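Numbering-wise (my numbering), the sequence shown opens with residue -10 and increments by one.
Working notes, structure below.
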Amino acid sequence: MISEIVGNSLFAAFLASIDGDLAARAKSKGCAHCGGVLHSATYARKLRGLPDSTDPPNRRHSFCCQTCRRRTTPASVRFLGRRAYAGTVVVLMSAMGEGVTNRRIEELRRVLGVHRRTLQRWRHWWRAVFAATPFWSVARGNLMPPPDATALPGGLLERFIGPDDPTRLAQCLRFLAPLYSPYSDHAC
Ligand SMILES: [Zn+2]
């Protein structure tokens, strides 16, 4: 399942198109700081865990304000916050329960270069860091019944009902997209 979803270029293109929608919405709202007009200022960003064929290839949508020159970066389903791995991979991998087999860990290492330690760190992030965010305390109320923090992120993924795994994953990523974004960092 892992390599099938992650290696699927159609799925990668689907995620890129969702990011395109999120970016268009952010652009139409104008600058987060002064309301000024935004100009596209995408930047290349290393996106481990998704095929390179993504169009536009691994570029993070971003905008520069015409007035105050500050950057606005819209929400994204491919880049979950500032994490180096694609959101897809982070959710999928850490959703795997404690019963993860050595064979599967070996598959992760071979296909994606993800090691057991990384997997443990991600799982810890979901259960300790993510579960404590204001985003989650509000968002979990929209899910009935609210998933338990100890079941994250698998318990979250289960709440999405789509015809297949890639659809459910995309729904979950879209739900998570506002978590860190839009944010702005430096002047551009
Ligand atoms: Zn501005």
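Every residue gets a Cβ at the ideal spot worked out from N, C-alpha and C, and that includes glycine.
Source: prediction; values computed, not measured.
Between which residues of its own chain and residue i is the CB-CB distance below 7 Å, once the five residues before and five after are set aside?
i    : result
A120 : A138, L141
A12  : H50, P63
G19  : G25, V26, L27
H104 : R98
S83  : L108, W111, R112, W115, P142
G144 : P136, D137
L132 : R148
Could you check what DSSP says for residue i in three-state terms: helix, strand or coil?
i    : result
T31  : coil
F52  : strand
F119 : helix
R178 : The displayed coordinates of the chain run from -10 to 177. Any statement about residue 178 would go beyond what the structure contains.
F164 : helix
F68  : strand
M82  : helix
L4   : helix
A21  : coil
L141 : coil
P147 : For the sequence presented, residue 147 should be read as Glu rather than Pro. E147: coil per DSSP, three-state reduction.
D153 : coil
R113 : Looking at the sequence shown, residue 113 is not Arg but His. Three-state DSSP puts H113 in a helix.
L132 : coil
V103 : coil
V127 : helix
Report buried or exposed for residue i, applying the criterion of at least 16 other Cβ atoms within 10 angstroms of its Cβ.
i     : result
T62   : buried
A117  : exposed
F0    : buried
P134  : exposed
G76   : buried
D8    : buried
C161  : buried
S(-2) : exposed
A33   : exposed
S42   : With a pLDDT of only 49 at S42, under the threshold of 50, the placement of this residue in the model should not be trusted; the figure read from the coordinates follows. The residue in question, S42, is exposed, as its Cβ has fewer than 16 Cβ neighbours within 10 Å.
R67   : buried
Output needed for residue i: all residues of its chain with C-beta closer than 8 Å, excluding positions within five of it in sequence on either side, in chain order.
i    : result
F3   : P155, A159
T31  : P45, R48, R49, H50, S51
T122 : L168
F220 : What is shown of the chain runs -10 to 177, which leaves residue 220 out entirely.
Report all residues from its chain with a CB closer than 6 Å to the CB of residue i; omit the five preceding and five following residues, and keep chain order.
i    : result
R157 : F149, G151
L69  : G76, V79
T56  : C23, G25
- Message: Tell me whether the region 149 to 168 and the region 109 to 129 touch, counting them as touching only if at least three CB pairs, one residue from each stretch, are closer than 8 Å.
- Response: Yes, the region 149 to 168 touches the region 109 to 129.
- Contact the region 142 to 155 vs the region 46 to 65: 3+ CB pairs below 8 Å: no
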